[in-house]
Amino acid sequence: MENKTHNVEILLVEDSIEDANLVIRSLKKSNLGNSIIHLKDGAEALDFIFGKGEFSDRNIEDKPKLILLDLKMPKVDGLQVLKELKIDERTKTIPVVIMTSSREDRDLIESYKLGVNSYVVKPVAFDNFAKAVSELGMYWLIVNQVPK
Amino acid sequence: MKAPEIKTILDYKKLFESLPALFLILKPDSPHFTILDASNLYLAATMTKRNEIVNKGLFEVFPDNPNDLTATGEHNLKRSLQNVIEKKQQDIMPVQKYDIPLPAEKGNGFEERYWNPKNTPVLNDKNEIIYIVHKVEDVTASIFLEKKGIEENRISEEKSQFIRSNEERINLILQALLKYTTMDFSDRLSITDKGDELDAIAVGLNSVIDELENQMSLLKSTNSELEHTNKELDSFSYSVSHDLRAPLRAIGGYSQVLLEDYGTKLDDEGKHTVNVIIKNTFKMGALIDDLLTFSRVGKQNLTKVLLDMDNKVNTICRELSEQNKNGQLKINVKPLGSVEGDSSMVKLVIHNLISNAIKYSSRKEKAIIEIGSYNENNMKVFYVKDNGAGFDMKYYNKLFGVFQRLHSSNEFEGIGVGLALVHRIIKKHQGDVWAEAVLDKGATFYFSLPLTKDKN
C-alpha cells in the first residue's frame, strides 16, 4: 500500500479491490484523491481509527475527513464498524457514508438507526458510479463543515 | 235461440233431484229400507247412478267394508232408522265412518269415508211414516285433516320425549360442537350402547374431527416448511442483490477504464466490442433489480390507503413523457377517481403499464395512449390503451409469465418481468389483470381493484 497513514482525508473500507480501484480512480479524476487510504475489512478499519494493532502509532485525534464504508465485508462488517464509531464520543463526528450494493430496506434502516451520515447504493453502470463517488467526495470534503 | 220456458207449476221431481245437498229417500220397510230416490249430489258423492240403486235395499247397495273388521256403519245406521220408525222423530247420528264401494271402473274395493247423517221421518195425515229422508254431509276431508293433526302432535310429542330423556347427551354434543368452532379438537364424544341416532351423530362427528385434526397438523407442518423456505429465499435474494452486482460493476467499470485509458489503441471494432460488454452489464443490472423487486413484492405486506388515482397517474405520465420527448406522443387521461391499495405497489403497476404503452407505440408516427376507468361487479377497473405494436392473442397465456416476452429485444427493449410484476401485485390486492390486443393495431391492458365501501 503506497498510502500514507497520517493526515488521511478519505478512509475507504472496501473488500473488493476492483470496486476500491474504481472509487479511487473517480476521486482522483475530481482531484480529491490526494490522501486516500484503502483498507480491506472492518477489523483493519477499527484498528486504523482507534490507533490499535498495526496502526498503534496513529493518534485517534488524527481523524479522516470522510469514511466510505462497504457493508458486506469479512471479519467485521460495515454495520459493526459504524456502530463502534458512532457510540464513541471521540469518533462520532466523523462523517460516514455507507456505499453498498445492497438496497435491502433492513440495511438502510439499521444504518440510519446507528447514525450514518449518508447511504448510497452503488450503481452498476460505471458512469453513474463515478459520478456518485465524485459528488460524494466534493460534498463531504469541500461543502460540508464538521466541528473541529 | 229461444229463451227457456219458465214453468209456474213446480216440477217436484226436477226440484228434488237438483237440491244442493245430499239426500236419500227411503221406504220405512225395515230391515230393507228400499231406496226410492236420491239427489244428484248424493249420487255424485257416492259414485252411484240413480237406475242402479233405486228400488234396491239400502244395505244391499251400501254394505259394510268387508276389509274393515271394526266397521259399524251398517249397524249404527240401521238402528238410527229403526229409532226414527219407533219414535217418529228425527234421529241425528254422530260422525260415522262408512266406507263406500267403488264402481267397477275404479277397480271395485272400498273407499274410506266419514259422514254425519240426519234421518227424518215424513208422516201422512194419519201420522204414519211414509218415507224416511236421509240427509248426509261428507266430512271425510275434515276428518283426515284432524287425523293428520293428531299424528303430527304424536310425532312432536315423541320428539320432545326423546329430547327430554336424552337432554344430557344432547348437551354434550352441543358443547363439543361449540368447542370445535374455536378450533379446539382435543375432545371426542363418548358412544353409548343404545346405538340410536345420537350415537350415530357422535360416531360421525368423531370421525370428521379426527380427519380435521389430521389435516390441521398437516397444514401446520407445511406452513412451517414454507416459512423456512421463505427465509432461505429471503437470504438468497439478499446475497443476489449484493454478490451479483459487485462483479457486474467490475466488468462494466473496467471496460469503461479500458475505453478511457486505452481507447486510442483500439480500432472501431475493438471499441464496439467493449461497448457491447458495457451495455450488457447494464442490462443484467436491470434484470437483477427487477427480479429482486418481483420477489420482494411477493413477501411484502400490503399497506392499504385511499389512493388519488388521478394524481398518481398524472404524475407518472409527466415523468414518463419527459423521458420520451422524441416522437409524437399524446396521453389522454380520463377522470379516474380513487381506490384503496398499497401506494408504492400500485404506482409500480401504473408505471409499468404506461411505460409499456409508450415503449410499444414508440414506432408509430402518432402514438396515442388513453387511460380511463369504470366500475363493474363491485370492482373499479382501470385501463391503459395504446395504438402500438399490440400482440397476437394466441400467445396471451404467456403475457403475464416471468421472463416471457412476445417481442424480441431488438424490436423493443425489455426483459419480461414488468407484466409478471403487475400480475403479482394486482392478485395480492384481490384484483384481476387482463388484456386485449390486435397485432400492429394496439393493446389495452386492464386491471381491477376492489371498490371501497363508500363508493366514489
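As you go down the protein sequences, you meet chains A and B in turn. By the count of this note's numbering, the first sequence reaches residue 150 at its end, each step adding exactly one. By the count of this note's numbering, the second sequence reaches residue 482 at its end, each step adding exactly one. Idealized CB from N, CA, C, for every residue including glycine.
Neighbours of SER136/A in chain B, taken as residues whose beta carbon is under 9 Å from its own, are absent, since the nearest beta carbon is some 14 Å off. The alpha-carbon separation between ILE395/B and PRO66/A amounts to approximately 54 Å. At a C-beta separation below 8 Å, THR307/B has these neighbours in chain A: VAL126 and ALA127. When only Cα atoms are considered, GLU138/B and PRO54/B end up about 27 Å apart. For THR470/B, the enclosing beta strand (DSSP E) begins and ends at 468–476. Contact annotation: the segment 247–261 of chain B does not touch the segment 281–293 of chain B, with fewer than three C-beta pairs closer than 8 Å. No Cβ of chain B is located within less than 7 Å of the beta carbon of LEU41/A. Between ILE126/B and the set ALA47/B, ASN327/B and ALA97/B, the nearest pair of CA atoms involves ALA97/B. When 7 Å is used as the limit between beta carbons, ALA272/B is near these residues of chain A: SER18, ASP21 and SER103, in chain order.
Between PHE59/B and the set ASN81/B, ALA70/B and GLU43/B, the nearest pair of CA atoms involves ASN81/B. If you draw a straight line from the Cα of VAL339/B to the Cα of LEU332/B, it is about 14 Å long. 7 Å or more divides the Cβ of VAL118/A from the Cβ of ILE96/A.
Among the bridge pairs identified by DSSP, TRP142/A is matched with none. Of all residues in the segment 292–325 of chain B, the ones placed with a Cβ closer than 9 Å to any Cβ belonging to chain A are ILE304, THR307, PHE308, MET310, GLY311, ALA312, ILE314, ASP315, LEU318 and ARG322, in chain order. Rounded to whole angstroms, LYS114/B and LYS185/B show a C-alpha spacing of 52 Å.
Sequence-distant Cβ neighbours of GLU100/B in its own chain, meaning closer than 7 Å and more than five residues away, are PHE85, PRO89 and ASP90.
Cβ contact annotation for PRO46/B (same chain, cutoff 8 Å, sequence separation greater than five): LEU67, in chain order. If you draw a straight line from the Cα of LYS133/A to the Cα of ILE314/B, it is about 22 Å long. Looking at the backbone, the Cα of LEU103/B and that of GLU178/B are separated by about 32 Å. Residue range 99–113 is occupied by the alpha helix (DSSP H) that includes VAL110/B. As the crow flies, the alpha-carbon of ILE19/A is around 29 Å from that of VAL148/A. Around the Cβ of GLN456/B, a 10 Å sphere holds fewer than 16 other Cβ atoms; the residue is exposed.
Straight through space, the alpha carbons of SER388/B and GLN354/B are spaced by roughly 8 Å. Residue ranges of uninterrupted alpha helix (DSSP H) with 4 or more members, entirely inside the segment 363–446 of chain B and ordered along the chain, are 369–386. Per DSSP, ASN9/A lies in no alpha helix (DSSP H) and is assigned neither H nor E. Annotated as distal: ASP213/B and ALA226/B, with beta-carbon spacing of 7 Å or more. Between the segment 68–88 of chain A and the segment 108–126 of chain A, the count of C-beta pairs closer than 8 Å reaches three or more; the two stretches touch. A Cβ-Cβ distance of about 27 Å is found for the pair ASP368/B and LYS424/B, leaving them out of contact under the 8 Å criterion.
Among the residues of chain A, none has a CB under 9 Å from the CB of SER381/B; the nearest is roughly 19 Å distant. For PHE131/A, the chain B residues whose Cβ falls inside 7 Å of its Cβ are ARG275 and GLY279, in order along the chain. A straight line joining the alpha-carbon of LEU171/B with that of PRO476/B spans about 55 Å. In the structure shown, the three-state DSSP call for GLY83/B is strand. Using a Cβ-Cβ distance cut-off of 8 Å, the segment 117–135 of chain B and the segment 32–39 of chain B are not in contact, since fewer than three pairs of beta carbons, one from each stretch, lie closer than that value. For chain B, none of the residues of the segment 41–70 of chain A brings a beta carbon within less than 9 Å of one of its beta carbons. Proximity of SER267/B to chain A, defined by a Cβ-Cβ separation below 7 Å, is satisfied. Taking C-beta separations shorter than 6 Å and ignoring five residues to either side along the sequence, the partners of LEU48/B in its chain run LEU67, TYR68, ALA71 and VAL162, following chain order.
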